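Down below is the structure, laid out as structure tokens.
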Amino acid sequence: MKRLASALKFEEAAELRSKIYSLRRVFYRQADIVASVNENNLLVILPSESYSEVCKEFVVLFIRFGRLIAQHKIMRNEALELEERIREIFFSGAQKPEHCEREEIDEMQILSSWIYQNRESLSCLYVKPYETAEQMLGALLERLGELSKPEAMAEKKLA
């Protein structure tokens, strides 16, 4: 850009300057997206396709560093079986990734959009850094209990 300007090619220098600014915005925006998404660790709970008054089956999505890591279908009384999985995914000491590939960012945006669009029919439990696996399991059990009440799902469907 400076060489073009010193050669009195001001229009070309201005065009190159615009491209540089555009690239900086993209890279800074990508860094912001990665930083904010990397902080997202949560359990997403939603009724399964076979959920009914008789069959209280739920799907639990495990999201670590903004990425869908696992999903499990469980009945409310089977939630204790997820303790080891919770420990493995959220409390194993894994470090958040410093970089994201374009495909990962696309997947995170799709997941984030899907959660937002379905926010009325699901429930999220955010994993806080100071929590333990036992506390997360307790919160999951409590939330499943709340969601298993007939009026809870009726309210979700009406909303």
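Residue -3 is where the sequence shown starts when you use the working numbering, and the numbers rise one by one after that.
No residue lacks a Cβ here, since even glycine has one placed at the ideal position from N, Cα and C.
This one's a predicted model, so the numbers in the text were calculated from it and none came from an experiment.
Beta carbon of E70, beta carbon of N36: below 8 Å? Residue numbering aside, residue 70 sits at position 74 when the sequence shown is read from its first letter. Residue numbering aside, residue 36 sits at position 40 when the sequence shown is read from its first letter. In the sequence as displayed, the identity of residue 70 is Ile instead of Glu. Not closer than 8 Å, so no.
When DSSP builds the beta bridges, which residues end up paired with I41? Taking the first residue of the sequence shown as 1, we reach residue 41 at position 45. Answer by DSSP bridge pairing, in chain order: V56, S119.
Give the DSSP bridge partners of R63, in chain order. In the sequence shown, the residue the question calls residue 63 occupies position 67. R63 is bridged to R60.
Could you give the first and the last residue of the continuous alpha helix (DSSP H) run that contains F87? As a working mapping, residue 87 is identified with position 91 in the sequence shown. Segment: none, F87 is in no alpha helix (DSSP H) and carries neither H nor E.
Using 10 angstroms around the beta-carbon of L76, count the other beta-carbons present and answer buried if the total reaches 16, otherwise exposed. Mapped onto the sequence shown, residue 76 falls at position 80. Exposed, because fewer than 16 other Cβ atoms sit within 10 Å of the Cβ of L76.
Please report the straight-line C-alpha distance between I106 and A10, rounded to a whole angstrom. Here residue 106 refers to the residue found at position 110 when the sequence shown is read from its first residue. Here residue 10 refers to the residue found at position 14 when the sequence shown is read from its first residue. Using only the alpha carbons, I get a separation of about 36 Å.
With 16 as the cutoff for other CB atoms within 10 Å, does C51 come out buried or exposed? As a position in the sequence shown, residue 51 is number 55, starting the count at 1. Its Cβ having fewer than 16 others within 10 Å, C51 is exposed.
Name the residue from Q113, A1, I65, W110 whose alpha carbon lies nearest to the alpha carbon of N82. By one-based count along the sequence shown, residue 82 stands at place 86. Sequence inspection shows Ile at residue 82; the Asn mentioned does not correspond to that position. The residue with the shortest Cα to Cα distance from I82 is I65.
Comparing C-alpha positions only, which one of Y126, C120, Y47, E45 sits nearest to E138? The residue labelled residue 138 in the question sits at position 142 within the sequence shown. Of the candidates Y126, C120, Y47, E45, the one whose C-alpha sits nearest the C-alpha of E138 is C120.
Nearest-angstrom beta carbon gap, E79 and L133 [assumed within contact, 8 Å]: The count along the sequence shown starts at 1 and reaches residue 133 at position 137. The count along the sequence shown starts at 1 and reaches residue 79 at position 83. With 8 Å as the limit, L133 and E79 qualify as a contact, their Cβ atoms being about 5 Å apart.
With a threshold of 16 other CB atoms inside 10 Å of the CB of I16, please say whether the residue is buried or exposed. Taking the first residue of the sequence shown as position 1, residue 16 is located at position 20. Counting Cβ neighbours within 10 Å, I16 comes out exposed, since fewer than 16 surround it.
Rounded Cβ spacing between R63 and E8 (contact assumed at less than 8 Å): What you label residue 63 is simply residue 67 of the sequence shown in a count that begins at 1. What you label residue 8 is simply residue 12 of the sequence shown in a count that begins at 1. The pair is not a contact, with the Cβ atoms about 42 Å apart (cut-off 8 Å).
At what residues does the alpha helix (DSSP H) containing S144 begin and finish? On the sequence shown, position 148 is the one that residue 144 refers to. Run containing S144: 129 to 144, per the alpha helix (DSSP H) assignment.
Roughly how many angstroms separate the alpha carbons of V56 and H68, rounded to a whole number? Numbered from its first residue, the sequence shown carries residue 56 at position 60. Numbered from its first residue, the sequence shown carries residue 68 at position 72. Approximately 5 Å between the Cα atoms of the pair.
Note down the Cα distance separating I101 from Q91, rounded to an integer number of angstroms. If you number the sequence shown from 1, residue 101 lands on position 105. If you number the sequence shown from 1, residue 91 lands on position 95. Cα-Cα distance, rounded: 18 Å.
From A1, A3, F87, residue whose alpha carbon lies closest to that of P125: For the purposes of this step, residue 125 is taken as residue 129 along the sequence shown, with counting starting at 1. Checked all of A1, A3, F87; the closest Cα to P125 is F87.
What are the residues that DSSP puts in a beta bridge with E70? In the sequence shown, the residue the question calls residue 70 occupies position 74. Here the sequence assigns Ile to residue 70, which means Glu is not the residue at that position. I70 pairs with F54.
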